[in-house]
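To start, the structure under review is shown below, and the notes come after it.
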Amino acid sequence: MSDRIFALAVIVVALGYILSATTIQTGFMPDPVGPKLFPYMIGGAAIIAAITILIRPDEEPDWPGAATFGRIALAVVVLVGYAYALKPLGFLIPTAIAAGLLSYQIRPDAWRAALTGLGLSIGLFVIFRFGLGLGLFGFPRSWGIF
Amino acid sequence: MDTLSLLADGFAIALTPGNLMLAVIGCVLGTIIGALPGLGPSNGVAILIPLAFSLGLDATAALVLMTAVYYGAMYGGRISSILLNIPGDEPALMTTLDGYPMARQGRAGDALVLSGVASFVGAFLATLGLMLLAPWLARLAFRFGPAEYFALYILAFSTLGGIASGNQAKALIATCIGLGIAMIGLDNATGMPRFTFGSMQMMDGIDFLVAIVGLFAVTEVFVFIESHGRESALGVKLGRIRVPWSDIRATFTTMLRATGIGFIAGILPGAGASLGSFLAYMGEKAIAKDKSRFGKGDPRGIAAPEAGNNAAAGGALVPMLTLGVPGSGTTAVLLALLMTLNITPGPTLFTDRPDVVWGLIASLLIANIVLLVLNVPLVKLFVKILMVPPSVLLPGVTMISFVGIYSLSGSSFDLLMMIGFGVMGYFFRKLDVPTVPIILGILLGNNMEDSLRRAMVISGGDWTYLFSSPIAIGLWIAAALGFMAPMFLRGVLKRPQAITD
C-alpha cells in the first residue's frame, strides 16, 4: 500500500514536472535538443518506474506508531524554529533549546536533555567561534556581546 | 620513471607541516566518525564540507583533510562492528559477521588489530593501484567526447541502481529526482530559468550540499528518534591489546585477494565499498576449504571484508578523479567537495593541476600510515568514543550540520530546504528508496544534460551518434549488464540490506 501511494505521488509530481517543462522558454541558439527534452526524459523515466512499482509493490515497510510520528513531527517543528531563530537570536540560546529538545526526543530524560543542550550549545560555540574562527554571533546582535 | 618524480612532487606538497597536520587531524576525526554508529564516511564527510569551506583552506589542503577523514572513517567503521555488532557504516556490515563472534570469544583486541592491519593492506595497496591506474585512465579519458560521457553517466546510474540496490524501479525514481532537482535554476546553454516558479532563491538552483547534509545527516536524527536511541552498550570486554602475528600471517593471502576484488569493485562506477567488502567476503568463503568456521569468528572473515572495503575506497577514487564520475556515495560527496572548491575532476585535472592529484595521492599514503598507528596501538582510545550516547551525539551532529550550511549562505531558506531533504530521506529510507542516486543525480545532472545536448549539436540531431564509437558502445553494453544482472543473479547474490554507502 505504501509503495502504491508513493508511486502515485511520483506520477503526479512527474506529470507536474513535465507540464512545467513545457513552459520553459527556448533560446535563440541553434540547438537540436533544447532545454525541454532532458526534463521530459526525466519525467518520463520516473513515470515508467512508478508504474512498475504500482504493478509490483514491495512488502509493506514497518511503520512506527502514531506516538513516534508525533515525536518526529515535533522534531521537525523544533528544527524549523531553529532555522528561523538562528539569525535574529544568535547561536547560543536557540542551540541550547533545540539540542535539548532533540535530545529529549531521542531519550526522554529531562535533566540529561537540558544538560546536553547547554553543553552542546556552549561547547560548539567555543569550537566554531574560537577554534574555527567562523563569524557566528553568540547572542542577539543588539545585546552587543560576542 | 615519470610517476615516481610526480609522486616525489606530491610528497613535497603533502609533507608541509600544515598539510601533514591536517592529514593527522583528518585521520583522527575520520576514525571517530567511522566508529560512531549512525555516522559513516558519507555523512561524516558531508557535514564537514561546509566547515572545511568556511575555514578558507586552499584546494589541496581541503582535499587532504577530507580524504583523510574518508579513509579514517573506512578504518573506524570496523570498531563498532566488532565491539557492538552494529556496523559504524554500511561497508563495515560484513565485518560484523565474524568480528563480533570473535570478540565474544574474548579476542576483541585480536579482532581489532587484525582488522586494522587488513584495512591498512587494502587501503595502501589500493592507493598504489590508484597511482598507477589513474594517469593511464586519464589519458584514455581524453578520447571521451560528449557521446562517451553521456554513456558513462548512464553506466554510473545503472550500476548504482542495478547492482547496488534492491529495487531497480525505486533506484530509477531516486535518480530521476536527483536529475530533476539538478535542472532547477538557469539553463546553462540558453540562460533561461527552469523550474524556478518565479522565485529568486531558486535561480541559483538547489545547492547540492544542502541536499547531501539533509539526506545523510538530518535523516539520521529522525531514524534515531524512531529507534528510541537504543543506548549502545559494550557487550564485550577489551583486554590488553597485542598483535596476533599468527592470525596476520595466516590471513595475509586472504588480504591480498580481498584487496584485488575490492579494488575492482571500487573502480566500477556506482558500485562502491559495500559491494567490495561483500564480494571479498563471499569470495573468500567460496574458496576456503573449511567453511564451517565462517560466521563463528574466523580470522579470514575479518581480514577479507576489511581489506576489501578499504581497497574499494581507494578504487572508487579512480573514476571520481579521472572521469568525474563517483563510484560510491562517499566519493559522490568528495566530488561535491571538489566542485565546491572549483576543481573540475576529469582528465584535465591530471595535466592542469598535478599538484592537487599527486599531493592527494601522497597524503593518502601518509594517511594510511597514520591510520595504522592510530588504529592498532591506540585503538583503545577510540573504543571510549563508542560510549557517547545517541541522545548527545545526534543533536550535536544536527547542530553542526545547521551551522555548516548556515555559514555557507547565511540563509534560512537553505536550512528549511535541508530539513525538507531530511524528512524526505526518512520516508525514503522506510520505503527502501536509495538516496545515493539522488545525490549523484544532483551532482551530475547538468553535466549529463550538457553532454547529451553537445552530442546532438555535433551530430545535428542524429541520435545514432550516441552509439557511434567503440568506447560508447562498450559503455552502453556495460550499463545494460549492470542494470539487468541483478535480475538474474538475485538468487545467487543475496545482499544484506543496503542503506547508504
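Protein chains in written order, with the working numbering: chain A, 19 to 164; chain B, 2 to 502.
Ideal Cβ placement from N, Cα and C applies to all residues, glycine included.
Excluding five sequence neighbours on each side, which residues of the same chain lie with their C-beta closer than 8 Å to the C-beta of LEU58 (chain B)?
Closer than 8 Å at the Cβ level, and outside the excluded window around LEU58 (chain B), lie LEU23, LEU66.
Ranges of the beta strand (DSSP E) found wholly within the stretch 49-102 of chain B, counting only runs of at least 3:
Scanning the stretch 49-102 of chain B from its first residue to its last, no whole beta strand (DSSP E) run of 3-plus residues comes out.
List the endpoints of the continuous alpha helix (DSSP H) containing ARG258 (chain B).
Taken as a continuous stretch (DSSP letters only), the alpha helix (DSSP H) holding ARG258 (chain B) covers 253-268.
What does a CB cutoff of less than 6 Å around PRO158 (chain A) pick up in its chain, not counting 5 residues either side in sequence?
The residues are LEU107, GLY108.
Output, in sequence order along the chain, the residues in the stretch 387-410 of chain B whose CB is closer than 8 Å to any CB in chain A.
Per Cβ criterion, the list reads PRO390, PRO391, SER392, VAL393, LEU395, PRO396, GLY397, THR399, MET400, ILE401, PHE403, VAL404, TYR407, SER408.
Assign ASP502 (chain B) to buried or exposed, taking buried as 16 or more other Cβ atoms, counted over all protein chains shown, within 10 Å of its Cβ.
Below a pLDDT of 50, predicted positions are generally treated as unreliable, and ASP502 (chain B), at 38, falls in that range; the measurement from the model is reported next regardless. Here ASP502 (chain B) is buried: its Cβ has 16 or more other Cβ atoms, across all protein chains shown, within 10 Å.
Based on DSSP bridge pairs, tell me the residues matched to GLY186 (chain B).
Beta-bridge pairing links GLY186 (chain B) to B:ARG195.
For ILE439 (chain B) versus MET419 (chain B), is the C-beta spacing smaller than 7 Å?
No; because the gap between Cβ atoms is not below 7 Å, this pair is not in contact.
Closest by CA to ILE60 (chain A), which one among A:VAL28, A:ALA93, A:GLU77, A:ALA84?
Restricting attention to A:VAL28, A:ALA93, A:GLU77, A:ALA84, the CA atom closest to the CA of ILE60 (chain A) is found in A:VAL28.
When DSSP labels each residue in this structure, what does TRP359 (chain B) get in the three-state scheme?
In the three-state reduction of the DSSP assignment, TRP359 (chain B) falls in the helix class.
Pairwise C-alpha distance: MET488 (chain B) and ARG250 (chain B):
Those two C-alpha atoms are separated by around 39 Å.
Residues in its own chain within less than 6 Å of TYR154 (chain B) by CB, not counting five upstream and five downstream?
Cβ neighbours of TYR154 (chain B) beyond the five flanking positions: LEU445, MET449.
Classify GLY83 (chain A): buried if its beta carbon has 16 or more other beta carbons within 10 angstroms, exposed otherwise.
Label assigned to GLY83 (chain A): exposed.
Please list the segments of the alpha helix (DSSP H) lying wholly inside the stretch 276-329 of chain B, counting only runs of 4 or more residues, in order along the chain.
Taken in chain order, the complete alpha helix (DSSP H) segments of 4 residues or longer contained in the stretch 276-329 of chain B are 300-324.
Using the three-state DSSP reduction, which class does PHE121 (chain B) fall into: helix, strand or coil?
Correct three-state label for PHE121 (chain B): helix.
Rounded distance between the beta-carbons of LEU280 (chain B) and ALA289 (chain B), thought under 8 Å:
Contact flag wrong, Cβ pair sits at about 15 Å.
Helix, strand or coil at GLY83 (chain A) according to DSSP, with G and I counted as helix
Coil, per DSSP.
Counting only beta-carbon separations shorter than 7 Å, does ARG454 (chain B) have a partner in chain A?
ARG454 (chain B) counts as touching chain A.
Through-space distance from ALA67 (chain A) to GLY162 (chain B), alpha-carbon basis:
Cα-Cα distance, rounded: 12 Å.
Beta-carbon proximity list for ALA148 (chain B), same chain, < 7 Å, skipping 5 on both sides:
Contacts found: ALA456, TYR466, LEU467, SER469, SER470, ALA473.
Scan the stretch 55-67 of chain A for residues whose Cβ lies nearer than 7 Å to a Cβ of chain B and list them as they occur along the chain.
Within the stretch 55-67 of chain A, those residues whose Cβ lies closer than 7 Å to any Cβ of chain B are, in chain order, PHE56, PRO57, ILE60, ALA63, ALA64, ALA67.
Counting only beta-carbon atoms, is LEU416 (chain B) nearer than 7 Å to chain A?
Contact of LEU416 (chain B) with chain A is assigned, a C-beta pair being separated by under 7 Å.
Nearest residue (CA-CA) to LEU92 (chain A), options B:GLY179, B:ARG144, B:PHE223:
Ranking B:GLY179, B:ARG144, B:PHE223 by Cα distance to LEU92 (chain A) puts B:PHE223 first.
How about THR32 (chain B) and GLY360 (chain B): do their beta carbons lie closer than 7 Å?
Annotated as distal: THR32 (chain B) and GLY360 (chain B), with beta-carbon spacing of 7 Å or more.
Closest Cα partner of THR17 (chain B) within the set B:LEU441, B:ALA363, B:GLY475, B:PHE484:
Of B:LEU441, B:ALA363, B:GLY475, B:PHE484, the smallest CA-CA separation from THR17 (chain B) is found for B:ALA363.
Taking the continuous alpha helix (DSSP H) assigned at TRP129 (chain A), which residues delimit it?
It spans 128-143 - the alpha helix (DSSP H) in which TRP129 (chain A) sits, taken as one unbroken run.
Neighbourhood of ASP451 (chain B) by C-beta distance below 8 Å, restricted to the same chain and skipping five residues each side:
Leaving aside the five residues that flank ASP451 (chain B) on each side, the residues in its chain whose CB is nearer than 8 Å to its CB run, in chain order, PRO147, ASN189, ALA190.
Looking at MET184 (chain B): is its Cβ nearer than 7 Å to the Cβ of PHE196 (chain B)?
Yes, the Cβ-Cβ distance between MET184 (chain B) and PHE196 (chain B) is below 7 Å.
Of the listed residues B:LEU416, B:ASN447, B:GLY461, B:ARG354, nearest to GLY99 (chain A) (C-alpha basis)
The alpha carbon of GLY99 (chain A) has as its nearest neighbour, out of B:LEU416, B:ASN447, B:GLY461, B:ARG354, the alpha carbon of B:LEU416.
Tell me, to the nearest whole angstrom, how far the beta carbon of LEU180 (chain B) is from that of GLY442 (chain B); I am working on the premise that it is less than 8 Å.
Rounded to whole angstroms, the Cβ separation of LEU180 (chain B) and GLY442 (chain B) is 4 Å, and the two are in contact under 8 Å.
Under 7 Å between C-beta atoms, does THR191 (chain B) make it to chain A?
THR191 (chain B) counts as touching chain A.
Compare the beta carbon distance of ALA9 (chain B) and SER81 (chain B) with 7 Å and say whether it is the shorter of the two.
No, they are not a contact pair.
For the 8 Å Cβ check, are there 3 or more pairs between the stretch 108-118 of chain A and the stretch 146-156 of chain A?
Judged by Cβ distances under 8 Å, the stretch 108-118 of chain A makes contact with the stretch 146-156 of chain A, as three or more pairs qualify.
Rounded to a whole number of angstroms, what is the C-alpha to C-alpha distance between ALA63 (chain B) and LEU216 (chain B)?
Cα to Cα, the separation comes out at about 23 Å.
At what residues does the alpha helix (DSSP H) containing ASN447 (chain B) begin and finish?
Where ASN447 (chain B) is concerned, the enclosing alpha helix (DSSP H) stretches over 437-460.
What do you reckon, are the CB atoms on GLY298 (chain B) and ILE262 (chain B) nearer than 7 Å?
Not closer than 7 Å, so no.
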